[in-house]
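Okay, structure first, notes after.
4 protein chains.
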Amino acid sequence: MAGNSFGTAFRFTTWGESHGPSIGCVVDGVPPLVPLGEPDIQHWMDRRRPGQSRFTTQRREPDEVKIVSGVFEGVTTGTPIGLIVENVDQRSKDYSEISEQFRPGHADFTYQAKYGIRDYRGGGRSSARETAMRVAAGGIARKVLHHILGKDISIRGALVQVGPHGIDRANWDWAETENNPFWCPDAQAAGQWEGYLDGVRKAGSSCGAVIEVVASGFPAGLGEPIYDKLDSDLARAMMSINAVKGVEIGAGFEAASLTGEENADEMRMAGNRVDFLSNKAGGILGGISTGQDIVVRFAVKPTSSILTPRRSVDRNNNEIEVRTKGRHDPCVGIRAVPVGEAMMALVLADHVLRQRALTGKV
Amino acid sequence: MAGNSFGTAFRFTTWGESHGPSIGCVVDGVPPLVPLGEPDIQHWMDRRRPGQSRFTTQRREPDEVKIVSGVFEGVTTGTPIGLIVENVDQRSKDYSEISEQFRPGHADFTYQAKYGIRDYRGGGRSSARETAMRVAAGGIARKVLHHILGKDISIRGALVQVGPHGIDRANWDWAETENNPFWCPDAQAAGQWEGYLDGVRKAGSSCGAVIEVVASGFPAGLGEPIYDKLDSDLARAMMSINAVKGVEIGAGFEAASLTGEENADEMRMAGNRVDFLSNKAGGILGGISTGQDIVVRFAVKPTSSILTPRRSVDRNNNEIEVRTKGRHDPCVGIRAVPVGEAMMALVLADHVLRQRALTGKV
Amino acid sequence: MAGNSFGTAFRFTTWGESHGPSIGCVVDGVPPLVPLGEPDIQHWMDRRRPGQSRFTTQRREPDEVKIVSGVFEGVTTGTPIGLIVENVDQRSKDYSEISEQFRPGHADFTYQAKYGIRDYRGGGRSSARETAMRVAAGGIARKVLHHILGKDISIRGALVQVGPHGIDRANWDWAETENNPFWCPDAQAAGQWEGYLDGVRKAGSSCGAVIEVVASGFPAGLGEPIYDKLDSDLARAMMSINAVKGVEIGAGFEAASLTGEENADEMRMAGNRVDFLSNKAGGILGGISTGQDIVVRFAVKPTSSILTPRRSVDRNNNEIEVRTKGRHDPCVGIRAVPVGEAMMALVLADHVLRQRALTGKV
Amino acid sequence: MAGNSFGTAFRFTTWGESHGPSIGCVVDGVPPLVPLGEPDIQHWMDRRRPGQSRFTTQRREPDEVKIVSGVFEGVTTGTPIGLIVENVDQRSKDYSEISEQFRPGHADFTYQAKYGIRDYRGGGRSSARETAMRVAAGGIARKVLHHILGKDISIRGALVQVGPHGIDRANWDWAETENNPFWCPDAQAAGQWEGYLDGVRKAGSSCGAVIEVVASGFPAGLGEPIYDKLDSDLARAMMSINAVKGVEIGAGFEAASLTGEENADEMRMAGNRVDFLSNKAGGILGGISTGQDIVVRFAVKPTSSILTPRRSVDRNNNEIEVRTKGRHDPCVGIRAVPVGEAMMALVLADHVLRQRALTGKV
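Chains as they are written, first to last, in the UniProt record's numbering: chain A, 1 to 362; chain Z, 1 to 362; chain P, 1 to 362; chain E, 1 to 362.
The structure is reproduced here in structure tokens:
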């Protein structure tokens with residue numbers, strides 16, 4: 001009810017603030033006998049870790065994850081898995097100013113309006129630091145998915161637009177996402193973004209981004225119509241990531257401009273399995289997976305913390321100017337890539353277990 | 001778990017198929033002592049009713065809603081409200097052909113893959129007929145919202161794009177939405193759409209659409225971070241509507257192309273209340289309402305049932321051609337407008353009650 | 001949140017009042033391809049139907065159940081099953097007196113306190129009439145359990161105490177439960193109860209009862225520690241039945257008086273399966289089924305509607321005397337037997353599906 | 001779905017095993033601005049702490065609770081509260097024997113049957129150590145209840161039976177519960193129990209107990225019919241405590257032996273409020289609180305770990321004899337008293353928030 005849990009059969013609950021002693025989560029519903037150790041999770045944490053390039057926040061966090069329950073002798077036991085990450089780099093600073101101010105584009109004003117109080121240190125609960133635990137839980141979800149569905153599945157994310165600059169899809173190469181600090185699948189675009197983002201950073205400005213996440217190798221039949229459709233749950237999942245303002249599946253908003261002839265994916269047989277001749281649907285029809293690639297995209301707004309002074313108000317209804325000091329993150333969308341992948345894994349793990357409940361098999 | 005319910009504190013569950021004897025829903029969590037009668041619901045049902053113009057399906061349904069529980073002497077009692085609508089125009093026809101075929105772009109294939117069976121008559125459970133009950137439940141949500149928040153709130157939807165043709169926002173006039181068969185707020189665009197849609201209809205083709213829903217007058221503080229954020233729940237809600245492929249809040253995908261300076265809404269005082277100087281955020285920051293207009297848009301794909309033959313397969317893995325016969329709906333997006341409004345009302349009613357649980361007030 | 005649903009993976013939601021036009025429920029999470037028709041449900045409805053002996057309420061209800069969704073060509077489709085039962089014998093009478101009075105032992109006072117309103121006709125939502133839908137949903141649960149677990153399972157209930165008169169367990173014969181109007185497994189006790197209950201009835205008084213429900217043939221492994229243990233869910237289920245004041249598992253309250261030696265069930269091998277030498281645990285250890293008989297008992301208080309005048313108050317804080325008129329049910333516990341069986345079936349169906357989600361098998 | 005959470009509006013989720021590094025919980029739905037510090041929780045933890053008398057387990061745990069999120073500057077923020085307790089006294093020992101054995105009366109067999117694996121060290125997840133986190137969460141629930149309802153409420157527990165020896169209710173004095181190691185309200189009984197329990201302990205045997213928990217000062221109107229009735233939730237809550245085999249409300253099982261005249265509590269006015277002349281109902285009618293004392297009792301079975309050898313089997317289907325070594329707890333029921341109090345507080349906090357959601361007030 002209070003919103004800090006996600007999922008039904010595979011369900012995780014996160015806790016912790018940006019500047020508290022630690023953050024953590026509980027993952028409940030993990031099937032037993034799944035091989036799991038801290039390195040399985042740490043691998044994904046490291047992809048999201050801040051401070052890895054000059055294009056993301058300079059907060060220095062080792063983000064070492066500890067498993068504190070639910071694993072015994074190297075495998076899961078079916079009991080809840082507790083994960084904890086210590087907060088290390090809560091840079092001590094004077095918060096007296098910001099404690100009274102509402103920064104434009106931040107959650108300062110709304111947290112105050114909702115709760116009548118907020119932990120203003122580093123954004124408190126509204127900080128993107130919380131997404132570290134999504135990535136950790138997502139690492140468990142991946143292990144569960146492989147345990148049930150085998151090795152031939154993958155969940156991969158890429159940055160497909162930075163500011164107004166999109167990629168050329170003809171250049172798409174998943175391998176390239178590991179070769180640049182943007183998870184960009186188009187090497188040429190990545191080169192151009194570097195210059196663009198340096199400019200944004202030096203100007204003390206910021207820009208938005210679009211992320212695409214693709215899940216391959218998943219069976220048809222996942223998703224629970226009417227209200228827990230696979231696409232509904234993906235939309236909810238991605239929209240819950242900090243700064244996300246839009247989500248689309250397959251052709252997405254472009255589908256509105258297509259004709260019925262252009263949009264509906266035709267089918268043929270490929271040997272003894274159904275083959276779709278296109279994937280405008282993004283792998284989901286009627287809220288249920290088709291067996292094709294599941295494709296979701298989401299838009300991240302530009303970081304609201306910028307060096308230009310902005311008009312705002314404070315808690316005492318004074319009109320003020322706000323200018324962010326300290327660490328600055330020109331494009332928060334970059335680090336949203338591993339978070340989007342994690343949310344995809346978490347949604348799919350949940351629906352695999354739900355399909356198993358309903359039909360006894362996946 | 002099985003997906004036919006929506007909401008937490010204000011929760012509804014729908015049942016029924018396109019060609020069953022009736023459809024219905026149960027709405028649980030309705031506060032007591034809210035004045036409610038069938039006309040309060042029927043008003044909204046009539047807006048969605050099929051067969052009201054040549055641009056929507058010709059199925060003829062009176063869609064008369066009956067309240068069968070939860071209301072006594074003209075007010076709600078706090079117990080679950082049962083609603084039933086008889087299906088009247090289940091045109092008898094021969095389903096032997098379609099029973100074996102998978103129509104491209106429909107849920108035929110995925111329902112079969114998921115359940116191993118499907119009610120193929122009129123799409124069964126996957127039919128947009130189910131949305132009638134959302135509109136009915138939405139009528140109750142509206143009454144609850146007015147009961148708690150008073151008269152000065154509104155939830156209104158409009159069609160802002162048909163096929164590739166968008167409106168001119170300079171022409172926006174809410175009153176116009178009642179003057180054309182498209183809920184179009186731009187009279188000029190509405191005129192152009194008429195010709196365009198006649199062409200689509202006569203060609204036996206179809207087109208997509210974009211709908212915008214705006215909730216005005218709602219207080220700041222609604223939404224439950226982290227996973228039940230107001231925007232997450234709206235994304236889930238809109239994506240659960242048949243044929244929706246994308247959802248965005250405020251500036252949405254366009255936000256990715258903006259700079260931080262352009263995107264963050266500045267604040268000033270207007271008398272003793274906070275006034276935002278723009279609404280790129282769509283009325284939601286950190287997943288919590290700001291008190292501004294709450295603005296959501298969603299894209300509906302073109303109807304998959306078209307007169308042009310399309311390549312597909314059947315249940316026995318034969319390659320076939322499918323051509324839709326009978327009633328044809330050139331733009332399902334039109335009738336999605338009242339459904340989108342209803343989902344907005346349902347999400348808001350839920351979050352108003354949840355905020356009341358958490359803080360004792362709204 | 002508002003309390004009219006039960007279960008998680010196998011979940012039902014009921015609606016309707018004693019004197020409304022109809023009552024019904026939605027059952028969500030029913031696996032597809034389970035053979036199901038109205039007679040499968042009606043069979044169990046008929047066992048609970050009022051007016052079948054002079055020892056239960058004389059309300060005359062045919063209780064004909066209609067399936068309105070979720071079943072197609074004789075099998076379930078995996079979509080929600082809607083069930084409706086018309087209310088026929090809502091005897092018209094003058095409610096003006098009772099509308100203002102709080103009857104001792106009834107929910108009149110508490111419904112008024114909670115909701116500020118109540119449908120006073122026949123108890124409204126608080127009437128045991130609601131249990132008809134539990135029995136209907138329970139009929140579906142039984143079909144699902146047989147579909148998954150086969151024929152060699154059973155769920156049976158019996159009345160083991162009426163007023164102060166218990167059965168002699170040495171006489172227990174399940175076949176006898178069908179031979180007397182009390183579901184009594186001890187023919188001799190049944191004979192004595194007849195005289196006792198005639199006396200109670202003629203005196204215009206009432207008495208309580210204890211019901212025992214036994215589920216046989218279920219596998220070990222059902223139940224989700226820590227908070228959705230099988231016994232926790234059974235306790236919740238049985239306590240939710242009208243007039244129930246106590247629930248116990250296996251040895252129950254008597255276990256408090258036993259020593260550790262007496263209470264813990266020893267184990268031996270019987271061929272290649274584990275055999276327990278006693279069943280003090282009632283088939284549940286650590287909240288998980290052992291594979292033995294699952295045994296639950298619950299106590300029903302005496303009907304509060306009696307002919308003797310009782311002191312009470314009315315809505316206007318006047319002190320009054322209340323004396324029930326009209327139909328009188330000397331022992332509501334009798335008709336609780338099929339309801340208890342249904343709740344057992346519903347809990348087990350839920351846990352079978354949940355175990356399937358977690359481990360992929362039952 | 002996987003069972004490690006309790007509550008809806010006020011919801012907590014626990015994690016951790018008996019011999020893991022730590023145990024903890026997340027409490028979600030805590031209203032903001034409630035004063036809360038670690039001592040508020042520690043106070044209740046200390047009441048449950050093991051090793052405080054010779055009659056309970058000799059495990060030595062300081063049980064120091066740490067708040068790691070959700071509290072800022074001495075008050076709650078409305079965000080999830082993380083609590084962690086280090087496990088200190090996980091006595092290192094050789095588990096090779098017990099790892100293969102199923103102890104009679106324990107959850108060894110059922111955890112193995114359900115999950116195919118179990119953490120056998122000290123009972124793993126099935127250990128009563130988990131209840132420490134219930135008491136911690138219960139401490140928060142108490143603060144919330146006082147914040148909303150004021151000071152004049154109380155939740156108190158007492159041991160009313162040890163083995164076959166009950167108290168004399170005429171001697172009931174709440175103050176006495178603090179004067180003996182049994183939370184016994186009857187000083188005379190407490191004296192007798194001391195001798196009795198010394199005998200049980202020296203014999204290496206064990207005995208059961210009955211606990212009564214009473215909540216005073218709570219308003220009428222709490223509880224959500226039909227399936228989340230206040231008594232249903234209390235039954236579920238208490239039955240989820242380790243070793244509990246029975247739960248009853250008010251007159252409980254004794255109600256079955258009463259007549260309608262004896263059982264229904266009459267009402268009169270006491271000034272301008274309704275006064276019940278007895279409390280057979282245990283403060284709950286129709287699943288909703290009446291405003292009287294809420295009275296629940298539950299039975300705890302005797303500890304299964306005893307020194308007498310018992311017949312059992314092992315994982316390889318060998319017939320064996322099992323005899324518990326090491327620390328021995330003659331009556332686990334004693335330490336269930338603070339746990340039962342905590343569960344009462346947790347259920348009431350949940351229902352207070354739910355009533356607030358539904359009606360806007362408590």
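We treat Cβ as the ideally placed atom computed from N, Cα and C, and that holds for glycine.
Per-residue DSSP class, three states only, for residue i
i: E:A203; result: coil
i: E:A175; result: helix
i: P:Q42; result: helix
i: P:L231; result: Per the sequence shown, the amino acid found at residue 231 of chain P is Asp instead of Leu. Of the three classes helix, strand and coil, the one that applies to P:D231 here is helix, per DSSP.
i: Z:G82; result: strand
i: Z:R142; result: helix
i: A:M239; result: helix
i: P:M269; result: strand
i: E:G252; result: helix
Own chain, CB closer than 8 Å to residue i, minus 5 neighbours either side, in chain order
i: E:M267; result: V274, D275, F276 and L277
i: P:Q112; result: F102, R118 and R315
i: A:P21; result: E86 and N87
Nonlocal neighbours in the same chain, by C-beta distance under 7 Å from residue i, ignoring five residues either side
i: E:W174; result: R156 and P185
i: E:V65; result: E38, I41, Q42, M45, L83, V85 and A136
Where the beta strand (DSSP E) through residue i begins and ends
i: P:W15; result: R11 to W15
i: P:D350; result: Here P:D350 belongs to no beta strand (DSSP E); instead the alpha helix (DSSP H) covers A336 to T359.
i: P:K114; result: Where P:K114 is concerned, there is no enclosing beta strand (DSSP E), although the alpha helix (DSSP H) it sits in stretches over D108 to Y115.
i: A:G246; result: V244 to I249
Distance between residue j and residue i (C-alpha atoms, nearest Å)
i: Z:K325; j: Z:L307; result: 7 Å
i: E:N279; j: E:Q292; result: 7 Å
i: E:H147; j: A:K245; result: 37 Å
i: E:S232; j: E:N318; result: 41 Å
i: Z:E61; j: Z:A342; result: 19 Å
i: E:I140; j: A:D28; result: 22 Å
i: P:P32; j: P:G282; result: 32 Å
i: A:I153; j: A:V347; result: 14 Å
i: P:P35; j: P:A349; result: 16 Å
Proximal residues to residue i (C-beta, below 6 Å), its chain only, five neighbours per side dropped
i: P:G150; result: none
i: E:A189; result: I167
Run of the alpha helix (DSSP H) containing residue i, from where it starts to where it stops
i: E:R260; result: Strictly speaking, residue 260 of chain E in this sequence is Gly, with Arg absent from that position. Element bounds for E:G260: G260 to N263.
May I ask you to list, following chain order, the residues of the segment 287-299 of chain A that have a beta carbon less than 8 Å from some beta carbon of chain Z?
G287, I288, S289, T290, G291 and A299
To be precise: take each residue of the segment 85-110 of chain P, compare its Cβ to all Cβ atoms of chain E, and keep it if any distance is under 9 Å. Which residues remain?
F102, R103, P104, G105, H106, A107, D108, F109 and T110
Report the residues of the segment 263-285 of chain Z with a CB closer than 9 Å to any CB of chain A, ordered along the chain.
N263, A264, D265, E266, M267, R268, M269, N272, R273, V274, D275, F276, L277, K280, A281, G282, I284 and L285
Please list the residues of the segment 200-228 of chain P that have a C-beta atom closer than 7 Å to any C-beta atom in chain E, keeping them in chain order.
S205, S206, C207, G208, A209, V210, A220, G221, E224, P225, I226, Y227 and D228
Going along the chain, which residues of the segment 322-352 of chain E sit with their C-beta nearer than 8 Å to a C-beta in chain A?
none
Scan the segment 243-261 of chain A for residues whose Cβ lies nearer than 7 Å to a Cβ of chain Z and list them as they occur along the chain.
K245, G246, V247, E248, I249, G250, A251, G252, F253, A255, A256, S257, L258, T259, G260 and E261
Cβ-based contacts, 8 Å cut-off: residues of the segment 59-86 of chain P near chain A
G78 and T79
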